[in-house]
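In the numbering used here, the protein residues as written are 1 to 145.
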């Protein structure tokens with residue numbers, strides 16, 4: 001991947017290119033962290049806002065408890081970029097995708113997913129035969145039906 005040197009003039013950038021005002025980014029991350037501390041509410045920002053592991057790690061360093069991703073491929077990119085705690089907000093369906101999900105485990109502290117029903121909860125466990133993979137039910141034992 002080609003990365004232009006820091007400070008490259010806008011008109012010299014190859015497009016498409018992500019251009020970020022670093023001061024605004026840092027200010028927004030600090031505001032998120034301050035709000036979290038003040039309210040006592042943990043935050044888990046959604047990566048769809050930036051899709052960049054570097055920014056996700058900055059959010060974690062500021063106090064976020066993890067990062068949300070809508071899709072498995074986004075989660076894979078985050079884990080590969082050094083983001084340790086990823087929540088996949090959409091269900092992962094199909095044996096091939098479940099194998100990819102289980103492959104994330106060694107690079108992530110706890111890749112996790114959201115489930116909308118116990119019927120959908122039981123299907124993935126049956127489709128994965130890895131002894132190193134555990135599908136744990138929510139701590140309170142409840143799920144939406």
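Quick reminder that beta carbons are idealized off the backbone N, C-alpha and C, glycines included.
- For residue 87, the enclosing beta strand (DSSP E) starts and ends at 86-88.
- The segment 4-57 is shown to contain whole alpha helix (DSSP H) runs of 4 or more residues at 22-39, in chain order.
- Among the bridge pairs identified by DSSP, residue 67 is matched with 86.
- Contact between the segment 32-44 and the segment 10-19 is absent: fewer than 3 CB-CB pairs across the two stretches fall below 8 Å.
- Going by DSSP, residue 79 is part of the alpha helix (DSSP H) stretching over 72-80.
- Assignment of residue 96 by DSSP, reduced to helix, strand and coil, places it in the helix class.
- By the neighbour-count definition (other C-beta atoms within 10 Å, threshold 16), residue 82 is an exposed residue.
- Residue 14 and residue 98 have their C-alpha atoms some 36 Å from each other.
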